[in-house]
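Visitor: Heads up, the sequence shown is in the numbering used here, so the first residue is 701 and it goes up one at a time. Heads up, the beta-carbon is just placed ideally off N, CA and C, and yes, glycines get one too. Since the model is a prediction, treat every value here as computed from it, not as a measurement.
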Amino acid sequence: MILSKFYRCCQIMGCSDSDELSAAQIFYPCMQCPDIYFLKADICQLGMDQRKVNVLAREYCDDIKQKNKPIILSHRKTSYLYTS
701 MILSKFYRCC
711 QIMGCSDSDE
721 LSAAQIFYPC
731 MQCPDIYFLK
741 ADICQLGMDQ
751 RKVNVLAREY
761 CDDIKQKNKP
771 IILSHRKTSY
781 LYTS
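(1) Could you round the C-beta distance between H775 and M731 to whole angstroms and report it? I think they count as a contact, below 8 Å.
(2) Assuming contact is defined by CB atoms lying nearer than 8 Å, are L773 and C744 in contact in what I supplied?
(3) Who pairs with C744 in a beta bridge, going by DSSP?
(4) Out of N754, D763, K767, which one is the CA nearest neighbour of D735?
(5) Output the boundary residues of the alpha helix (DSSP H) element that contains L756.
(6) My guess is that L746 and P729 are in contact by the Cβ rule of under 8 Å, so how many angstroms apart are they, rounded?
Structure below.
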């Protein structure tokens, strides 16, 4: 995969595309994306901030010519986690 695809996912950690990234910040999406496949997950349910990594996982299916792509369920943090 192209490194620019991983840079695109770095917003997970509050970084923008123009920020200089450490190796750990680059490896984070590299590790999270294959996690979907190691867990053999059919459905990925994560927050909106993780959406780009899920899209990266679906794009990877095209690269390896896998027909069954994981289903992405992206959501905002649930309201009961916030105190009023």
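Guide: Short version:
(1) The residue given as residue 775 occupies position 75 in the sequence shown. The residue given as residue 731 occupies position 31 in the sequence shown. Contact doesn't hold; Cβ gap of about 22 Å is too wide.
(2) Residue mapping note: residue 773 aligns to position 73 of the sequence shown, counting from 1. Residue mapping note: residue 744 aligns to position 44 of the sequence shown, counting from 1. Yes, they are a contact pair.
(3) On the sequence shown, residue 744 is found 44 positions in, with the first residue counted as 1. I772.
(4) Taking the first residue of the sequence shown as 1, we reach residue 735 at position 35. Considering only alpha carbons, the answer is N754.
(5) Within the sequence shown, residue 756 is the residue found at index 56, counting from 1. Its alpha helix (DSSP H) spans residues 751-763.
(6) Your numbering for residue 746 matches position 46 in the sequence shown. Your numbering for residue 729 matches position 29 in the sequence shown. So it is not a contact: roughly 12 Å between Cβ atoms.
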